[in-house]
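The numbering used here applies: residue 305 is where the sequence shown begins, and numbers increase by one. Read through the structure below, which is laid out as structure tokens, and then see the notes.
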Amino acid sequence: MEHCGAKTRSGQPCKNRVMENGRCRMHGGKAAVTHKGNKHAATPGSIYSRYYTEEETELASQMELGKVDEELRLTRIRLMRALAREAEFGNTLELDSEKREPAIVDGAALTGIEQVTTNSKVRDYSALIDKLTARIESLERTRAELAKSSPPEEPPVGKIQIEIVNAKSNASPTDDGATG
Numbered sequence: 305m306e307h308c309g310a311k312t313r314s315g316q317p318c319k320n321r322v323m324e325n326g327r328c329r330m331h332g333g334k335a336a337v338t339h340k341g342n343k344h345a346a347t348p349g350s351i352y353s354r355y356y357t358e359e360e361t362e363l364a365s366q367m368e369l370g371k372v373d374e375e376l377r378l379t380r381i382r383l384m385r386a387l388a389r390e391a392e393f394g395n396t397l398e399l400d401s402e403k404r405e406p407a408i409v410d411g412a413a414l415t416g417i418e419q420v421t422t423n424s425k426v427r428d429y430s431a432l433i434d435k436l437t438a439r440i441e442s443l444e445r446t447r448a449e450l451a452k453s454s455p456p457e458e459p460p461v462g463k464i465q466i467e468i469v470n471a472k473s474n475a476s477p478t479d480d481g482a483t484g
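Take a look at the structure:
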């Protein structure tokens, strides 16, 4: 019976029986296969980015962080939509979900006949509007703090003109020692 022979943590050769590949299950299993291209490795931002689609991954890499203006615009648009929906539907019932399943009579499903179950509810638009208003307030506060902590960038200095007033006229220029 052959032994694995791989070096253990203590430095001694492993004495477990070998598999078909010449190593034991601890030293020659599928680990080498699973480590290549490991999708489960920890990467920065991997908590959420693990679940991104390819399109979302591309969008996330293009997004500019540290600017709240776009988020503020989006939240204001969502607030306008919520206000419009509240004006349109108010306190009326709205279709929430619809479930279709085959009709069953005496334990047997009838072909061609469906049983439709609908759920309707009155949406709480005032709570949604309050949340969006609070979010806008928070974003405005963050925007003001960012503007306070980082002054606006000034454009680079262009052409400078110097006008000399009351200068003495010197007929012979002096040598300042600069080479040129």
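Using N, Cα and C, we set each Cβ at its ideal position, and we do this for glycine too.
Short Cβ contact (8 Å threshold) for residue i with residue j
{"i": "Arg-404", "j": "Val-426", "result": "no"}
{"i": "Ala-388", "j": "Leu-436", "result": "no"}
{"i": "Ile-433", "j": "Arg-380", "result": "no"}
{"i": "Glu-402", "j": "Thr-422", "result": "yes"}
Sequence-distant residues of the same chain with beta carbon closer than 7 Å to residue i, five excluded per side
{"i": "Ser-424", "result": "Leu-397, Glu-398, Leu-399, Asp-400"}
{"i": "Arg-327", "result": "Cys-308, Ala-310"}
{"i": "Thr-312", "result": "Cys-318"}
{"i": "Glu-332", "result": "In the sequence on display, residue 332 carries Gly and not Glu. Met-323, Asn-325, Gly-326, listed in sequence order."}
{"i": "Arg-467", "result": "Strictly speaking, residue 467 in this sequence is Glu, with Arg absent from that position. Hits under 7 Å: none found."}
Proximity to residue i [Cα-Cα], best of the options
{"i": "Glu-375", "options": "Lys-463, Asn-470, Arg-447, Asn-395", "result": "Arg-447"}
{"i": "Tyr-429", "options": "Met-367, Val-469, Gly-394, Met-323", "result": "Gly-394"}
{"i": "Arg-321", "options": "Met-330, Glu-418, Tyr-356", "result": "Met-330"}
{"i": "Ser-454", "options": "Val-469, Lys-319, Glu-359, Lys-371", "result": "Lys-371"}
{"i": "Met-305", "options": "Gln-316, Arg-313, Met-323", "result": "Met-323"}
{"i": "Ala-431", "options": "Thr-357, Val-409, Leu-383", "result": "Leu-383"}
Cβ-based neighbour list, residue i, same chain, cut-off 6 Å, excluding 5 preceding and 5 following
{"i": "Glu-390", "result": "Tyr-429"}
{"i": "Asp-287", "result": "Nothing can be reported for residue 287, as the shown portion of the chain is limited to 305 through 484."}
Beta-carbon contacts of residue i that lie in its chain and below 8 Å, excluding the five residues immediately before and after
{"i": "Pro-406", "result": "Ala-413, Leu-414, Thr-415, Ile-417, Glu-418, Gln-419"}
*At which residue ranges does the segment 397-475 contain complete alpha helix (DSSP H) runs of 4 or more residues, listed in the order of the chain?*
429-453
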